[in-house]
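The letter at position 118 of the sequence shown is residue 118 when you use the UniProt record's numbering, and the numbering goes up by one with no holes.
A virtual CB, placed ideally from N, CA and C, is assigned to each residue, including glycine.
No experiment lies behind these values; they were computed from the predicted model shown.
In what follows, a structure is listed as structure tokens, so that the remarks can point back to it.
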Amino acid sequence: MSSSFGVWKGENPLVFSIPLFLFQVILVVISTRITAFLLRPLRQHRYISDVIGGFVLGPSIMGRIPDFNVMIFPLRSLIILDTMSHLGLVYFIFTVGVEVEKNVIKRKGAKALAFAAGCMVPSFAIGSLSGIFIHRRLQEATNEAAFITFLGFTLSINSFSVLARVLAEQKLVGSEIGRLALSSAMLSDICAWILLAFSIGLAQSDGDLLSSLWTVLSGITLLLFSYAVLKPGVLWVQRRTPEGEDLDEIYACVLLVGVMVWAFIADALGTHAIFGAFVFGLSVPNGPLGEALIEKVEDFVAGILMPLFFVISGLRTDVYSIKDPGSTVLLIIVVLAGAASKVASGAFLAATYRMPLHEGMSLGILMNTKGLVDVIILNIGRSKMILGNQSFTILVVMSVVVTTLVSPLLKAVVRPSKRLVFYKRRTIWWPNPDSELRLLTCVHVPRQVPGLIALLDISHPTKRSPIFVYALHLIELTGRTSAILLNATPADASPSGNQHAHGHGHGRIQAQSDHIFHAFESYDQYAGGVSIQFLTAISPYATMHEDVISAAEDRHAALILLPFHKHHTVDGGMRPNHPACRAINQSVLSAAPCSVGILIDRGLGSHRATRRITLFFFGGPDDREALALASRMAGHPAINVTVLRFVHAARAHSQSGSPKTERVVTVAGEDEERDWRIDEECVGEFRERWGGGIAEYEERVVSNAEETVAVIRGVDGIQDMYVVGRGHGKESPLTAGLTDWSECPELGPIGDLLASPDFGTTASVLVLQQGKGGAPADAMMEPKGRVYMNKADHHRASKQIPGTRV
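Written out as structure tokens, the structure reads:
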């Protein structure tokens, strides 16, 4: 029977088919997820954890427990388990076919074909030639010709999806190595499926070469028919689906059933069901239509059904079936020799194309990434009685081992070049305020763009004082290969040299990226004094800050602009974005080589004739950085800037001639006295430049944090934006105690106060932190020998302000 009458009847639910299958699925998902969690620090692909999770449940580990397999995986249940896993496999391979990006192959052309063939042919030859001796030594009752072919096939192929993930983890997707490796791997993947059809036909021929030939020709006919008939039909469906609207349910049902139809036809022709699913996927364009179909099946297939396939593989993997150590060592040597031949071929081809040696070796290492295709081929070989227990087990284990070694070997070969070129401008403040200012603007989602563009416009770019903007779209690295391909486009693949791919798109992620790009492009076209280059960075949230910092260093940015981890809602509140966004901001603040700004956007992008900007100045490097930006804003004809400076009561008394000078020096110390003098100079320069009614300057004398908050609350009029310094590393009695109730310490005491919903302001907030090393004016604060300046800068930094006591 399929279902039980319940435990209250005294029945064991695991005796019946449905509860047993459900329990197996639960156990498999838990096993693979726990394995993935344990392997997360190693940053290995999901494929590794799935294979190991299935291996754990197999006879090698859990199967050694008495009656475990009899109770949990009895023979009668394996038919259902195998059928469901292959259904998931069919749809998973369909998604792989959809995500094959033909443009990636076209961009590299002959070079990609050379590397794909150069890495496949030698390893295939090694596997095939050695397979003759290994098959005889193992003495397995299998088809010798098919065994030789499958062994060579197994050694020569690689996994495109796993390779793409490795490239993204190593920050190489947008590099020349990454683009060439993706093109070569994609070509290799396509060749793998064609060879698979041939290998299966050979395996099933039993010496009848004519039937094997018919199988191969049938597969080629199916491929050509799909290209000539199926693809135009799919494009017709895409044209009838308006952009931005959901795919009609009828079309989705027809296409998803069509996957099974093509899988059935391919299996009936003698190739394999997954070959038909892959061919069907190739006929679906990797755009909104393909994205919609993938989203309908991916989570259930990849998260639930595919782990079942790895368990079937794990149940067939038994390390105790290895009886001949000599043959085992020989097969391991052959696998390693095949992997080494790819590295050697990559180095040889690199010399042929006059590429650096380490790039060729890197490509060879990358072409050794194994994945689902490898496990599929090995399981087909096992089910078709081409591979015996020993050879199957060894090859599965070596597939995991070789793939695991790819990342560390790649790190050893591709050593990141040290950025020894020191660029002078790492802050907004600069002796020549009209020199070009380079900004790195980070964007996660399109709704953050209007506020950031408004901030750029408020910063008053002109031809005399230009701003060069690098708009960096940050994309989370997921299992979706199409997202990784967004970053594999060369810099000249889009207008104006922007590093962004246009065209049919990759669905939702591409649509977001296009939206962000076009918004910045539109601003670039009508705004004077602005040059914008679009960049993309795809990585896990845990390492995304490394991409930001690397981009800032490579582009010599003086300021990194980050969006706040919360966004403004219609009711005036603030709702958190992805929780990892805050960690990214904190990591960038702690490691950035230049100044950093965090924008809390509360509708800054709304169109207004004039804007009111208020800067709260307490002193210190961060506040001077905020003052430098406010100085740029003050030159904008539609911006009213007010600088509100807070002065401690003791300092005010000392300047007015009160006999408290000794007390101030005692409290403040010599370093703070010098810091105060630099503040005086910067404020004096601001007032000298923007005095006469262009910008307002006010001072407020306060004694503690309570009075400071009262002054801030009492600011007159509706403000569009507040600008404050973060104040990191600086303790002030004017803000003492505010950090005790701080929700966002990364904003500093005043920034956190203004960002809090309890404060009640509707104005946006910009929090600034000065870059490491400081501006030239801060040389007086640096230890001796840390900062080198010319005489003019030194004089500028150390001249005494009239009326200031030393």
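| Item | Value |
| --- | --- |
| Status (buried if at least 16 other CB within 10 Å, exposed otherwise) for Q24 | buried |
| Alpha-carbon spacing of V588 relative to S756, whole angstroms | 22 Å |
| Host alpha helix (DSSP H) of Y47 (start-end) | R46 to L57 |
| Beta carbon of G751 nearer than 8 Å to that of V724 | yes |
| Beta bridge counterpart(s) of M721 as assigned by DSSP | I613 and S764 |
| Residue span of the beta strand (DSSP E) that contains Q770, given as start and end | Element bounds for Q770: n/a, residue is neither H nor E. |
| Candidates F21, I394, P41 and S123, of which the one nearest I79 by Cα | F21 |
| Whether S130 touches V334 by CB criterion (8 Å) | yes |
| Nearest to R713 (by Cα), restricted to the options F616, G88 and S435 | F616 |
| Range of the contiguous alpha helix (DSSP H) that encloses E707 | A705 to R713 |
| Spatially closest choice to V28 from L57, L331 and L113, by CA coordinates | L57 |
| Beta strand (DSSP E) runs contained entirely in the region 389-470, provided each spans 3 or more residues | 437-443 |
| Endpoints, the beta strand (DSSP E) within which M574 is located | M574 to P576 |
| Residues near G314 in its chain [Cβ-Cβ closer than 6 Å; skip 5 each side] | G54, F55, L57 and G58 |
| Residues that DSSP places opposite P563 in a beta bridge | L599 |
| Assigned exposure category for E681 - 16 Cβ within 10 Å defines buried | buried |
| Any 3 or more C-beta pairs closer than 8 Å across the region 262-281 and the region 210-219 | yes |
| Secondary structure of P19, DSSP reduced to three states | helix |
| Backbone secondary structure at L747 - three-state DSSP | helix |
| Straight-line Cα distance separating G338 from L163 | 17 Å |
| Where H135 falls: helix, strand or coil (DSSP) | helix |
| Under the three-state DSSP convention, the category A537 falls into | strand |
| L308 classed as buried or exposed, judged by whether at least 16 other C-beta atoms fall within 10 angstroms | buried |
| The region 561-579 / the region 444-463 touching (three or more Cβ pairs under 8 Å) | yes |
| Span separating the alpha-carbon of D679 from that of E688 | 14 Å |
| Beta-carbon proximity list for H473, same chain, < 6 Å, skipping 5 on both sides | V443, S513, I516 and T536 |
| Beta strand (DSSP E) segment containing E698, residue limits | E696 to V702 |
| Separation of N368 from H636, as counted between CA atoms | 57 Å |
| Cβ-based neighbour list, G505, same chain, cut-off 8 Å, excluding 5 preceding and 5 following | Reliability fails at G505, whose pLDDT of 42 lies under 50, so the model's placement of it is uncertain and no value is given. |
| Option nearest I30 by Cα separation, candidates L305, M84 and H135 | L305 |
| Test item: CB-CB of L477 and I538 under 8 Å | yes |
| Stretch-stretch touch, CB-based, cutoff 8 Å, three pairs: the region 725-736 with the region 618-625 | yes |
| Between the CA atoms of F264 and F16 - distance to the nearest angstrom | 29 Å |
| Environment of Y47 [buried if 16+ CB atoms lie within 10 Å] | buried |
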